[in-house]
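Residue numbers (mature numbering (1 follows the signal peptide of the UniProt record, and there is no 0)): -33 to -1, 1 to 393. Just so it is clear, CB atoms sit at the ideal spot from N, CA and C, and this is done for glycine as well. Treat the numbers as computed from the prediction; the structure is a model and nothing was measured.
#1: Cutting at 6 Å between CB atoms, please list the residues of its own chain near residue 187, excluding the five before and the five after it.
#2: Residue range of the beta strand (DSSP E) that residue 313 falls in?
#3: Please report the residue range of the beta strand (DSSP E) in which residue 325 lies.
#4: Could you give the distance in angstroms between the alpha-carbon of residue 9 and the alpha-carbon of residue 235?
#5: Can you give me the C-alpha to C-alpha distance between residue 267 and residue 326, rounded to a whole angstrom?
#6: Start and end of the alpha helix (DSSP H) containing residue 458?
#7: Restricting to runs no shorter than 3 residues, where is the beta strand (DSSP E) found entirely within the segment 21 to 50?
#8: DSSP three-state call for residue 4: helix, strand or coil?
#9: Contact defined as beta carbons within less than 8 Å: I believe residue 181 pairs with residue 81. What is the distance between those atoms, to the nearest angstrom?
#10: Could you name the residues of the same chain whose beta carbon sits closer than 7 Å to that of residue 46, not counting the 5 residues immediately before and after it, in chain order?
#11: Here's a check: name, in chain order, each residue in its chain whose Cβ is nearer than 7 Å to the Cβ of residue 154, leaving out the five neighbours to either side.
#12: According to DSSP, is residue 122 part of a helix, a strand, or is it coil?
#13: Between residue 226 and residue 59, which are expected to be in contact by the criterion C-beta below 8 Å, what is the C-beta distance as a whole number of angstroms?
#14: Would DSSP call residue 151 helix, strand or coil?
#15: With DSSP run on the structure shown, which of helix, strand or coil describes residue 194?
#16: Less than 8 Å between the C-beta atoms of residue 394 and residue 260, yes or no?
#17: Can you give me the C-alpha to C-alpha distance between residue 337 and residue 172, rounded to a whole angstrom?
#18: Using 8 Å as the cut-off, can you tell me whether the segment 236 to 251 makes contact with the segment 140 to 149, which would need three or more C-beta pairs spanning the two stretches below that distance?
#19: Alpha carbons only, please: which of 228, 189, 198, 169 is nearest the one belonging to residue 119?
#20: Determine the direct distance from the alpha carbon of residue 15 to that of residue 7, and round the result to whole angstroms.
#21: Of the choices 293, 124, 299, 292, whose alpha-carbon is the least far from that of residue 281?
#22: With DSSP run on the structure shown, which of helix, strand or coil describes residue 334?
#23: Go ahead and label residue 38 buried or exposed: buried means 16 or more other beta carbons lie within 10 angstroms of its beta carbon, across all protein chains shown.
#24: I'd like to know whether the C-beta atoms of residue 349 and residue 126 end up nearer to each other than 8 Å.
#25: My output table needs one value for residue 117: the three-state DSSP class, helix, strand or coil.
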């Protein structure tokens, strides 16, 4: 049954469900509710929201290229329309220019798709966020204290099997490029490693968490995860260029080719476009494009996929580092930008592709960006500069008398290093 968007079914969740969704994350350090309506004396929204700095977006894309990406692109959607920019090439062999309509592998942005599906199942009463995973997948995990919420917040302590799998970037990739794993095989790789933390004690990003999320979705629906994505997210939102094709290796239609940097300095790029992505599955195997990603994150933040209570739980976040600017909720990142704007979404890394897909909390402004490379953290960091340019607008020129508080030799405006979704050497 297709999940209707216009129905108010999700607004009638029971008091018990709301209480469950509002259960505390441990520890919760910050929470974000939906924006309140402006008072009569407040300035009009148009005067408070800066126009996107598309020249700054292009500069960030060009910086990603300067740091090793063959091409890059971004698409901004807002109340005043859509603006797209592209630089470089999407195919090094043919020389085809980067195309903002082209499809690509979105990597860990897939985790937000998986989270939406699982949270819809919570709303339907099929599972509880704070129940042990083993209640639904009996005997699967070695610790009954690991809950569904721990999976979605990366607080389970399950080791990330990709650390060992991609310890050597290109050999690791080639070993799994055409391999088809079962979920159980991937989980066993994680369970063979020591756990990273006690359940609920600390944030530790792990793809194993979302492998288990995929197992839960398939157990509770009785259908492949691809069916859940299609019926619950892709079809209702009309995402024409989004698909989960595992274990097919192809990206159909006009698409971007991905290029993986080897660990060895100066070694030629590896075309990593065709692969099963079976090593990730529900943790990172979705294909999409920038327009669909903007539609998805914007619709999610506007409440078209989840009830207000569930969305409030999803956007309740804890820190992922010590900067006070990066947080994680239920399968959702929050970045606090320099202008005070908070954006929600996810980053994605899969061999040959870096992705950012974020929206403001009201869902009115969205940005998706791609660079067709990986194992090149400086390119990923540069691509993240599109968020500042798009959501904060053009920065004022610094006063000539201003004194920088940045360390010697470091620009005060230098972006923070990108968060890693996979192990990388560069």
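According to the structure data:
#1: Within the chain shown, numbered from 1, the residue matching residue 187 stands at position 220. So the list reads 88, 93, once near-sequence residues are dropped.
#2: Position 346 of the chain shown, counted from the start, is the residue given in the question as residue 313. 309 to 317 is the extent of the beta strand (DSSP E) around residue 313.
#3: As a working note, residue 325 is residue 358 in the chain shown. 320 to 327 is the extent of the beta strand (DSSP E) around residue 325.
#4: For the purposes of this step, residue 9 is taken as residue 42 along the chain shown, with counting starting at 1. For the purposes of this step, residue 235 is taken as residue 268 along the chain shown, with counting starting at 1. Residue placement at residue 9 is poorly supported in this model, since its pLDDT is 36, which falls under 50; the coordinates are not used for a value here.
#5: In the chain shown, counting from the first residue as 1, residue 267 sits at position 300. In the chain shown, counting from the first residue as 1, residue 326 sits at position 359. Approximately 9 Å between the Cα atoms of the pair.
#6: Nothing can be reported for residue 458, as the shown portion of the chain is limited to -33 through 393.
#7: 38 to 45
#8: Within the chain shown, the letter at position 37 stands for residue 4. Unreliable placement is indicated for residue 4, whose pLDDT of 36 sits below 50; the coordinate value is still reported in the next sentence. Three-state DSSP puts residue 4 in coil, outside helix and strand.
#9: The count along the chain shown starts at 1 and reaches residue 181 at position 214. The count along the chain shown starts at 1 and reaches residue 81 at position 114. So it is a contact: roughly 6 Å between Cβ atoms.
#10: Here the question's residue 46 lines up with position 79 in the chain shown. Excluding positions up to five away in sequence, the list reads 331.
#11: Taking the chain shown and counting its residues from 1, the one referred to as residue 154 is at position 187. Closer than 7 Å at Cβ, skipping near neighbours: 175, 178, 179.
#12: Translated into the one-based positions of the chain shown, residue 122 becomes position 155. Three-state result, residue 122: coil.
#13: Here residue 226 is taken as the residue at index 259 of the chain shown, counted from 1. Here residue 59 is taken as the residue at index 92 of the chain shown, counted from 1. The pair is a contact, with the Cβ atoms about 7 Å apart (cut-off 8 Å).
#14: Within the chain shown, the letter at position 184 stands for residue 151. Correct three-state label for residue 151: helix.
#15: Along the chain shown, one-based indexing puts residue 194 at 227. Correct three-state label for residue 194: helix.
#16: Because the chain is modelled from -33 through 393, residue 394 falls outside the range shown and cannot be assessed.
#17: Here residue 337 corresponds to residue number 370 of the chain shown, with the count starting at 1. Here residue 172 corresponds to residue number 205 of the chain shown, with the count starting at 1. The straight-line gap from Cα to Cα measures roughly 21 Å.
#18: yes
#19: Residue 119 sits at position 152 when you count from the first residue of the chain shown. Residue 169 is the option with its Cα nearest to residue 119.
#20: Within the chain shown, the letter at position 40 stands for residue 7. Within the chain shown, the letter at position 48 stands for residue 15. Low confidence applies here, because residue 7 scores a pLDDT of 34, under 50, leaving its location unreliable; read the following figure in that light. Each residue's Cα considered, the two are about 14 Å apart.
#21: Residue 281 sits at position 314 when you count from the first residue of the chain shown. Of the candidates 293, 124, 299, 292, the one whose C-alpha sits nearest the C-alpha of residue 281 is 299.
#22: By one-based count along the chain shown, residue 334 stands at place 367. Strand.
#23: The count along the chain shown starts at 1 and reaches residue 38 at position 71. Buried, by the Cβ-count rule.
#24: As a position in the chain shown, residue 349 is number 382, starting the count at 1. As a position in the chain shown, residue 126 is number 159, starting the count at 1. Contact flag unset, no.
#25: For the purposes of this step, residue 117 is taken as residue 150 along the chain shown, with counting starting at 1. Note: residue 117 maps to helix in three-state DSSP.
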